Amino acid sequence: DLGIDAAGEGGYARELTEDEKARQQQALEDAIKGFDVVITTALVPGRPAPVLVTAAAVEGMKPGSVVVDLAGETGGNCELTEPGQTVVKHGVTICSPLNLPATMPEHASELYSKNVYELITLMQGEDGSFAPDFEDEILAGACVTRSKENA
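In this note's numbering, the protein residues as written are 5 to 155.
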């Protein structure tokens, strides 16, 4: 733990300061060298994806290792990402699929329907009636308006 609070609004990460970025980069480079697989998903709304995996970190990984960069559409979290491509750099395979949910519409639909089902279930009372508990963290965060007022 670097003691960096990167939480931003709406559950997204905030952009780090230059000092925080440097500390994070060094810690990640040191850790990544021992990983066989790295999966990145970090996004900052309205901004390019932060680079978390440097070229030096990839070079330090064992040959045959894999980086899956799911932030490629906004530049990627890996410095060597080529969005939409699978490439091999320094013996490490780097994959950056674009619009991954569209490649699996059946699974995306199943996941979405499961989430909607769980949300509706959360809003039910013991007897099955509509009885949302607006003190619940999930419901409070999802509520946009209530009693004609902003939530």
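Backbone N, C-alpha and C fix where the C-beta goes; we use that ideal spot for every residue, glycine too.
It should be emphasised that the depicted structure is a prediction, and the values quoted were computed from it without experimental measurement.
Item	Value
Cα-Cα separation between Ala31 and Pro101, rounded to whole angstroms	26 Å
Residue from Val42, Val62 and Asn81 whose Cα sits closest to the Cα of Pro52	Asn81
At least 3 beta-carbon pairs within less than 8 Å: the segment 82–91 vs the segment 107–116	no
Three-pair Cβ contact test at 8 Å for the segment 120–140 versus the segment 90–105	no
Candidates Ala59, Phe138, Val91 and Lys152, of which the one nearest Ile36 by Cα	Ala59
Distance CB(Glu33)-CB(Ala61) smaller than 7 Å	yes
Status (buried if at least 16 other CB within 10 Å, exposed otherwise) for Thr44	buried
Leu126 to Val148 span [Cα, whole Å]	17 Å
Extent of the continuous alpha helix (DSSP H) run through Val62	Ala59 to Gly64
Span separating the alpha-carbon of Asp140 from that of Gly68	45 Å
7 Å Cβ cutoff met for Thr97 and Val70	yes
Among Tyr121, Gly64 and Leu74, nearest to Lys93 - alpha-carbon criterion	Gly64
Cβ separation of Val72 and Cys99, assumed to be a contact under 8 Å, to the nearest whole Å	5 Å
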